[in-house]
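J.: Those protein sequence lines, which keep their order, are chains A and B. When you line the first sequence up against our numbering, it's residues 3 to 305, in that order. When you line the second sequence up against our numbering, it's residues 3 to 305, in that order. Ideal Cβ positions, reconstructed from N, Cα and C, are used throughout, including at glycine.
Protein chains: 2
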Amino acid sequence: MSKAIAPAELAASIRGYQLRSEQQLDRYLTLTEPGTARLLEAMRYSVLGGGKRLRPILVYCAGEALGAPLASLDAPAAAVELIHAYSLVHDDLPAMDDDDLRRGRPTCHKAYDEGTAVLVGDALQALAFGVIAEDESPGVSAAARLHVLRVLAQGIGTAGMAGGQAIDLEAVGQPLTLAALEEMHRRKTGALIKASVLMGAITANVGPGPELDALERFGAELGLAFQIQDDILDVTGDTATLGKQAGADAARDKPTYPSLLGLAKAQELAANARDRAIESLRSLGPRGEPLAALAHFVVDRSH
Amino acid sequence: MSKAIAPAELAASIRGYQLRSEQQLDRYLTLTEPGTARLLEAMRYSVLGGGKRLRPILVYCAGEALGAPLASLDAPAAAVELIHAYSLVHDDLPAMDDDDLRRGRPTCHKAYDEGTAVLVGDALQALAFGVIAEDESPGVSAAARLHVLRVLAQGIGTAGMAGGQAIDLEAVGQPLTLAALEEMHRRKTGALIKASVLMGAITANVGPGPELDALERFGAELGLAFQIQDDILDVTGDTATLGKQAGADAARDKPTYPSLLGLAKAQELAANARDRAIESLRSLGPRGEPLAALAHFVVDRSH
């Protein structure tokens, strides 16, 4: 069904969403509180330093496909990227993954210092919730906005991102079954990707029901496909293209899909998850096509 | 005006709020997601290990004084304490204050590990927002709930708690003017205390206007009084009573009110801030009395 959208058209809309989210993030990060220049600068450094902006793209793509005005999606789109950036800053800390390189530049605690990096993450999380709670775009009910905030909080708490990171933290050097690896990724990466899709749809005033359930399945499968592809790229990609240390997972003896299953089987798994994601959209008809095209794009990426 | 509430009556209602908030925190922290037992245990360790529960008390006291049903205050009361606990866990990290003792027990990163402590703080922040966004107490409009979330996000972001902590981080070993010290504390501690008062009032359906402005002034002055008193207790208290290292500020060469002004002048400043706080409540009439009594209690405390 994704055949309906030409690659050039998809690429153009992705680029448009990326640019729009860059502008919005820049705007939300134009903070001028006195006495905290270093913190504010480190927050901008951590968010505005590139990145694929996949999560904002998902918010915009899902929301627009379901009829939300683009402007009403700016706040949730910025919020998911602020959250993503905070998680990277904290994951890179010496007490966590201890990474020096991120998006081709020194990680936040390397460019600034560890204490500042902790605060950057903390402040970005608060900003993400604030951006949605303070948004006044017309056409979004207070109830829908609360629903968006609930989905975000669930996606990044112990049942989602933070829980997945805790599993990851304990998994280093441990043998992990495929089921345990999938549970880790479902929460660490998948939950925020799923939340992004849902937040876009809810902002388009899609309430609880079969349509939102279908989008939830789509988001979950897409998140899985994305993560397997990420693991594959850690093996097949090079540091310059990835903007982070290639082979870092293997070097840390982190369990990954390729390390557990081999490269070919991992690639098959990614394609299967992508296909299940696209299959979930069937009930949405033509409105699901942009998301289906995006699913292809995400799994066929090279970085 | 606080004379209207007898000390025994005040003590009983404070104790009641404390017990209620302990029960609610226990309930909100009864999480059972698989695979993250260590994280969930560390979160409970960090929140349920004692503490004065001043912030929940303020939510309950302000909310009840203004007519909110007690049950509708459970979520915001728990949220402010989850936030407070997260801030303590992160502030205690080696990259921040590097404290070993908190509430008479090893700090989170000592009892567990640094990576877990980072995640505990991250997950507690997400839980705090989630608790409010998911609350379904009758009588609180979606708009009021969004307002509560806005106040919380503002209170703990760069303009509030995280910004104050950033100033603190840069201030160690630096000479600080009284104005800079006040700005730091206004944000680091005062902003969440102020937010607690406002969140209680907003849950009682107090909208923007002179009453909320009066409560904002009350919260700001109370936060200042509380912080000065905290600095004083660091000099005059002992480790057993405080549950944290007495004299820790001086040992780290941290600027404090007593170190800048001397003990007597600091005590005078705390009393003045308390009196201004109470004065702010005048327009509320008898409904302000419980908060006025609480202001006396906070500044006259010994730990």
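1) Are A:L296 and A:F220 close, meaning C-beta to C-beta below 7 Å?
2) Please state whether DSSP places B:L148 in a helix, a strand or coil.
3) Please state the DSSP three-state secondary structure of B:L103.
4) State the Cα-Cα distance for the pair A:L56 and B:D137, rounded to the nearest angstrom.
5) Does the beta carbon of B:V120 sit closer than 7 Å to a beta carbon anywhere in chain D?
6) Using a Cβ cut-off of 7 Å, pull out every chain A residue sitting near B:L148, in sequence order please.
7) Can you have a look at A:G123 and say buried or exposed, based on whether 16 or more other CB atoms are within 10 angstroms of its CB?
8) Who are the near neighbours of A:D93 in its chain, counting only those whose CB is closer than 7 Å to its CB and skipping five residues on each side?
9) If we count Cβ pairs, one from each stretch, closer than 8 Å, do we get three or more for the stretch 228–235 of chain B versus the stretch 256–276 of chain B?
10) Kindly list, in the order they appear in chain B, the residues whose Cβ is closer than 7 Å to that of A:L95.
11) If you follow the alpha helix (DSSP H) that B:A294 is in, where does it begin and where does it stop?
12) So, are the CB atoms of A:G157 and A:A193 less than 7 Å apart?
13) Mind listing which residues of the stretch 37–65 of chain A have their C-beta closer than 8 Å to chain B's C-betas, in chain order?
14) Let me know if A:D236 comes out buried or exposed under the rule of 16 or more other beta-carbons within 10 Å of its beta-carbon.
15) Give me, in chain order, the residues of the same chain whose beta-carbon lies closer than 7 Å to that of A:S4; leave out the 5 immediate sequence neighbours on both sides.
16) Output yes if chain A places a C-beta closer than 7 Å to the C-beta of B:E218; else output no.
17) Is A:P393 buried or exposed, if buried means 16 or more other CB atoms sit within 10 Å of its CB?
18) Using CA atoms only, rank isn't needed, just tell me which of A:L263, A:I204, A:V300 is closest to A:A70.
19) Could you tell me the distance, in whole angstroms, from the CA atom of B:G65 to the CA atom of B:S198?
20) Taking the alpha-carbon positions, what's the B:V208 to A:S15 distance?
21) Check the C-beta distance from A:A128 over to B:A164 and give it rounded, since I have them as a contact under 8 Å.
22) For B:P96, which of helix, strand or coil comes out of DSSP?
23) Using beta carbons (cut-off 7 Å, strictly below), is A:G239 in contact with chain B?
24) For A:P9, list the residues DSSP reports as bridge partners.
25) Give the residues of chain B in contact with A:R152, contact being defined as C-beta atoms less than 7 Å apart.
26) Counting only beta-carbon separations shorter than 7 Å, does A:D101 have a partner in chain B?
27) Checking contacts by CB at 7 Å: is B:D124 closer than that to chain A?
28) Can you give me, in chain order, the residues of the stretch 159–179 of chain A that have a beta carbon less than 9 Å from any beta carbon in chain B?
29) One question on the structure: do B:L42 and B:L50 come within less than 7 Å of each other, judged by their Cβ atoms?
30) Taking the C-alpha atoms as reference points, what is the distance between A:A10 and A:R17?
31) For B:G264 and B:G225, what's the separation of their Cα atoms in angstroms?
32) Let me know the alpha helix (DSSP H) ranges lying completely inside the stretch 45–95 of chain A, each 4 residues or longer, listed in chain order.
33) Output, in chain order, the set of chain A residues within a Cβ distance shorter than 7 Å of B:A155.
34) Which residue or residues does DSSP assign as beta-bridge partners of A:P108?
35) Starting from A:K196, trace the alpha helix (DSSP H) both ways and give me its first and last residue.
36) What's the C-alpha gap between B:R289 and A:L171?
T.: Concretely, from the data shown:
1) Your numbering for residue 296 of chain A matches position 294 in the first sequence. Your numbering for residue 220 of chain A matches position 218 in the first sequence. Going by C-beta atoms, A:L296 is not nearer than 7 Å to A:F220.
2) In the second sequence, the residue the question calls residue 148 of chain B occupies position 146. Three-state DSSP puts B:L148 in a helix.
3) Walking along the second sequence from the start, residue 103 of chain B turns up at place 101. DSSP places B:L103 in strand when its eight states are reduced to three.
4) Locating residue 56 of chain A in the first sequence gives position 54, counting from the first residue. Locating residue 137 of chain B in the second sequence gives position 135, counting from the first residue. Taken atom to atom, the span from the alpha-carbon of A:L56 to that of B:D137 is near 30 Å.
5) Note that chain D does not occur in the displayed structure, where the protein chains are A and B.
6) Position 146 of the second sequence, counted from the start, is the residue given in the question as residue 148 of chain B. Per Cβ cutoff of 7 Å: A135, A144, R147, L148.
7) Taking the first sequence and counting its residues from 1, one reaches residue 123 of chain A at position 121. Counting Cβ neighbours within 10 Å, A:G123 comes out buried, since at least 16 surround it.
8) To locate residue 93 of chain A, count along the first sequence from 1; it is residue 91. Apart from the 5 residues on each side of it in sequence, A:D93 sits with its Cβ closer than 7 Å to the Cβ of D99, Q167 in its chain, given in chain order.
9) Touching, yes, given that three or more Cβ pairs across the two stretches are closer than 8 Å.
10) Taking the first residue of the first sequence as 1, we reach residue 95 of chain A at position 93. Ordered by position in chain B, the residues that pass the 7 Å Cβ test against A:L95 are V120.
11) Working through the second sequence from its first residue, we reach residue 294 of chain B at position 292. Taken as a continuous stretch (DSSP letters only), the alpha helix (DSSP H) holding B:A294 covers 291–301.
12) Position 155 of the first sequence, counted from the start, is the residue given in the question as residue 157 of chain A. Position 191 of the first sequence, counted from the start, is the residue given in the question as residue 193 of chain A. Closer than 7 Å, so yes.
13) G37, T38, R40, L41, L42, M45
14) The residue labelled residue 236 of chain A in the question sits at position 234 within the first sequence. Its Cβ being crowded by 16 or more others within 10 Å, A:D236 is buried.
15) The residue you call residue 4 of chain A lines up with position 2 of the first sequence. For A:S4, the predicted structure reports a pLDDT of 43, less than 50, and the residue's modelled location is therefore unreliable. The matter cannot be settled from this model.
16) Mapped onto the second sequence, residue 218 of chain B falls at position 216. No, no contact with chain A.
17) The first residue shown for chain A is 3 and the last is 305, placing residue 393 of chain A beyond what the model contains.
18) Here residue 70 of chain A refers to the residue found at position 68 when the first sequence is read from its first residue. Closest option to A:A70, Cα to Cα, is A:I204.
19) As a position in the second sequence, residue 65 of chain B is number 63, starting the count at 1. As a position in the second sequence, residue 198 of chain B is number 196, starting the count at 1. Their Cα atoms are separated by approximately 10 Å.
20) Here residue 208 of chain B is taken as the residue at index 206 of the second sequence, counted from 1. Here residue 15 of chain A is taken as the residue at index 13 of the first sequence, counted from 1. Their backbone Cα atoms lie some 44 Å apart in a straight line.
21) Sequence index remark: in the first sequence, residue 128 of chain A carries index 126 (1-based). Sequence index remark: in the second sequence, residue 164 of chain B carries index 162 (1-based). Rounded, the Cβ-Cβ distance is 6 Å, consistent with contact.
22) What you label residue 96 of chain B is simply residue 94 of the second sequence in a count that begins at 1. Residue state, collapsed to three classes: coil.
23) Sequence index remark: in the first sequence, residue 239 of chain A carries index 237 (1-based). Judged by the 7 Å Cβ criterion, A:G239 is not in contact with chain B.
24) Working through the first sequence from its first residue, we reach residue 9 of chain A at position 7. None; A:P9 has no bridge partner.
25) Taking the first residue of the first sequence as position 1, residue 152 of chain A is located at position 150. Within 7 Å Cβ-Cβ: G132, A135, E136.
26) By one-based count along the first sequence, residue 101 of chain A stands at place 99. It does not: the Cβ of A:D101 has no partner Cβ on chain B nearer than 7 Å.
27) Within the second sequence, numbered from 1, the residue matching residue 124 of chain B stands at position 122. Yes, contact with chain A.
28) Cβ contacts with chain B: G159, T160, A161, G162, M163, A164, G165, G166, Q167, A168, I169, L171, E172.
29) Here residue 42 of chain B refers to the residue found at position 40 of the second sequence. Here residue 50 of chain B refers to the residue found at position 48 of the second sequence. No, they are not a contact pair.
30) Looking up residue 10 of chain A in the first sequence gives position 8. Looking up residue 17 of chain A in the first sequence gives position 15. Straight-line Cα distance between these residues: approximately 10 Å.
31) What you label residue 264 of chain B is simply residue 262 of the second sequence in a count that begins at 1. What you label residue 225 of chain B is simply residue 223 of the second sequence in a count that begins at 1. Cα to Cα, the separation comes out at about 20 Å.
32) 56–67, 72–93
33) Stepping through the second sequence from its first residue, residue 155 of chain B is reached at position 153. Within 7 Å Cβ-Cβ: A128, F131, G132, A135.
34) Sequence index remark: in the first sequence, residue 108 of chain A carries index 106 (1-based). Bridge partners of A:P108: A:L103.
35) Taking the first residue of the first sequence as position 1, residue 196 of chain A is located at position 194. Per DSSP, A:K196 belongs to the alpha helix (DSSP H) from 193–205.
36) Counting from one through the second sequence, the residue named residue 289 of chain B turns up at place 287. Counting from one through the first sequence, the residue named residue 171 of chain A turns up at place 169. Whole-angstrom Cα-Cα distance: 50 Å.
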